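Peer 1:
In the UniProt record's numbering, the protein residues as written are 1 to 185.
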């Protein structure tokens, strides 16, 4: 015969009342990486989305159609803020001390094409800098550590509340909230 394993404790509340307390267990669930979503989203942005955006924007043609700027596909290059992975923490401390950004430079290759002469000139240009995510899932902006917090956003439409209590008085009233599709609410 197998003994009945109890995963609760009996607690007394007064002379008659007895309650089961399930708050203390022998088993614990593994804690997942709560920053994994942010890190994965950032890597997706770096590896795919920047390329997609550049392909949407380019080519850019002059109004007189005599010249155009073309983006050379797959030419996005990143210059990391540190040379070796073990130097990342040192660079983060430096950015915090100097109140600077922990960011990487983004370079792309553009081709300038002149239609009349057919001249093509390639040039690697600095597109700008974007914040670089730390191994802890945060960003260093102006020396301050920042973390992205996802928010739940309610769907646009009408929301009705029945018998809602007013905070200033004890009155109950019905409430209608309209959330627009575009703009703030």
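The C-beta atom is built at its ideal place from N, Cα and C for all residues, glycine as well. Because the structure is a prediction, the values reported are computed rather than measured.
State the start and end residues of the unbroken alpha helix (DSSP H) segment that holds residue 97.
Peer 2: Per DSSP, residue 97 belongs to the alpha helix (DSSP H) from 88-98.
Peer 1: Quick check: what's the CA-CA separation for residue 63 versus residue 96?
Peer 2: For residue 63 and residue 96, the distance between alpha carbons rounds to 45 angstroms.
Peer 1: Classify residue 102: buried if its beta carbon has 16 or more other beta carbons within 10 angstroms, exposed otherwise.
Peer 2: The residue is buried, with at least 16 neighbouring Cβ atoms inside 10 Å.
Peer 1: Which two residues bound the contiguous alpha helix (DSSP H) that contains residue 53?
Peer 2: Residue 53 -> alpha helix (DSSP H) spans 50-57.
Peer 1: CB-CB under 6 angstroms to residue 158, same chain, minus the five flanking residues each way: which ones, in chain order?
Peer 2: The answer, listed in chain order, is 178.
Peer 1: Mind checking residue 42: buried by the 16 CB within 10 Å criterion, or exposed?
Peer 2: Classification of residue 42: buried, given that the 10 Å Cβ count is 16 or more.
Peer 1: What residues in its chain sit with their C-beta under 6 angstroms from that of residue 132, if we drop five residues either side in the sequence?
Peer 2: 81, 102, 103 and 104.
Peer 1: By a C-beta neighbour count over all protein chains shown, 10 Å radius and 16 as the cutoff for buried, is residue 71 buried or exposed?
Peer 2: Under this definition residue 71 is a buried residue.
Peer 1: Rounded to a whole number of angstroms, what is the C-alpha to C-alpha distance between residue 113 and residue 130?
Peer 2: Distance between the alpha carbons of residue 113 and residue 130 is about 28 angstroms.
Peer 1: Can you tell me where the beta strand (DSSP E) holding residue 21 begins and where it ends?
Peer 2: 17-21 is the span of the beta strand (DSSP E), which, as asked, contains residue 21.
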